[in-house]
Amino acid sequence: MVNQLLDLKSSAKVNLTLDVVGRRPDGYHILESIFYEVPIFDTIAIAITDNNMVDVQCVTKSPNESIPNGEKNIAYVSAKRFLDTIGDTSHGVSIGILKNIPSQAGLGGGSSNSACVLKALNRMFDYPLTNAELIKLGASIGADVPFFIMGGTVYATGIGDVLTPLKPLPKLNMVIAKGTDGISTPQAYRQIDQLSNVKHINNTLVLSAIENQDIVTLSKCCGNVFEQITLPQSITDIKNSMLKANALCSVMTGSGSAVFGIFETPKLARECFNALNVPTKFLI
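Numbering (this note's numbering), first residue to last: 167 to 450.
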């Protein structure tokens, strides 16, 4: 058993595409989405304890971010579920998280933390769960968790738990930005449920572009069904600023409120990054 792991990197994601195509009887929405892992990281430290308790302490880099500690943190839920699944009642887990991925952004920070904790604990307890079992456990915690267990570029269907790995993409020249507004995921899904005449995303075109490594076509076909709900003005402003800066596309990720833009060259991406006047931005 490994008793401690430090400086674990918990990455973010963007949805190159995101469509809601149905809803299950249990309330979960049926998705079609292309996930793309991006190098924006939270940092996590985990230690195994002998006190049969789970403790989570979370520190944010931004004074405007408020992430819960303890039982309300998804990392707590993940550690408890893992210990319950393997039937370990004699150990506890201490988790420290330094947050860099903004919340309510559609970047998957919480789901990424969950996956990072599950993978780390599986390693620390000498791999009692197969990868398939770990993905199933992750799906019971959150719809995006299975993707972060797998990583890379993935076509996700079902509730996000049916994952098809895709050909790795070359590095995308990308800028990710978030204004002061956040979007509640449950509220966003409620608005989606109320829409009529939804314009769905053509994932087939994007899948073909990925297979052909055609970044220009890929960019022009990216889309997010959640852009059809009522959005904060800051999202529209960021999208317009990126397009004005010659982005090939500018698309909201997840249920919001971060926006990514893809550019033909690193120079154009950097110029856009420098010009954006927003509190949170990343040059990928």
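By construction, the Cβ of each residue, glycine as well, lies at the ideal position given by its N, Cα and C atoms.
According to DSSP, what are the bridge partners of Y293? Reading the sequence shown from its first residue, position 127 is the one you call residue 293. According to DSSP, which records beta bridges pairwise, Y293 is partnered with nothing at all.
Once you ignore the five residues that flank A424 on each side, which residues in its own chain have a CB closer than 6 Å to its CB? Working through the sequence shown from its first residue, we reach residue 424 at position 258. The answer, listed in chain order, is A271, G272, L273, I342, K344.
What are the start and end residues of the beta strand (DSSP E) that includes V311? Your numbering for residue 311 matches position 145 in the sequence shown. Not the beta strand (DSSP E): V311 falls in the alpha helix (DSSP H), residues 311-316.
Residues that E198 bridges to, as DSSP identifies them: Looking up residue 198 in the sequence shown gives position 32. D185.
Alpha-carbon to alpha-carbon, S407 and A441: In the sequence shown, the residue the question calls residue 441 occupies position 275. In the sequence shown, the residue the question calls residue 407 occupies position 241. Between A441 and S407, the C-alpha separation is close to 9 Å.
Three-state secondary structure assigned by DSSP to D216: For the purposes of this step, residue 216 is taken as the residue at position 50 of the sequence shown. Of the three classes helix, strand and coil, the one that applies to D216 here is coil, per DSSP.
State buried or exposed for G420, treating a residue as buried only when at least 16 other CB atoms are found within 10 Å of its CB. Here residue 420 refers to the residue found at position 254 when the sequence shown is read from its first residue. Per the 10 Å Cβ criterion, buried.
Within the segment 366-450, ranges of the alpha helix (DSSP H) (whole runs, at least 4 residues): 369-377, 381-387, 399-410, 432-441
Based on Cα-Cα distance, which residue from D380, A309, N339, E237 lies nearest to A413? Taking the sequence shown and counting its residues from 1, the one referred to as residue 413 is at position 247. The candidate whose alpha carbon is nearest that of A413 is N339.
L264 lies in the beta strand (DSSP E); which residues open and close that run? Mapped onto the sequence shown, residue 264 falls at position 98. It spans 258-265 - the beta strand (DSSP E) in which L264 sits, taken as one unbroken run.
Whose CA, out of L397, C415, S278, G324, lies closest to the CA of T346? Position 180 of the sequence shown, counted from the first residue, corresponds to residue 346. Comparing Cα-Cα distances from T346 to each of L397, C415, S278, G324, the minimum goes to L397.
Assigned secondary structure, Q270 (DSSP; H/G/I helix, E/B strand, else coil): For the purposes of this step, residue 270 is taken as residue 104 along the sequence shown, with counting starting at 1. In the structure shown, Q270 sits in coil (DSSP, three-state: anything other than H, G, I, E or B).
Are there 16 or more other CB atoms within 10 angstroms of the CB of E377, so buried, or fewer, so exposed? Position 211 of the sequence shown, counting from 1, holds the residue named residue 377. Under this definition E377 is an exposed residue.
Is the number of C-beta pairs between the segment 344-364 and the segment 302-309 that are closer than 8 Å three or more? no
Can you tell me whether E299 is buried or exposed, with buried defined as 16 or more other CB within 10 angstroms of its CB? Translated into positions along the sequence shown, residue 299 becomes position 133. The residue is exposed, with fewer than 16 neighbouring Cβ atoms inside 10 Å.
DSSP three-state call for N288: helix, strand or coil? Taking the sequence shown and counting its residues from 1, the one referred to as residue 288 is at position 122. Three-state result, N288: helix.
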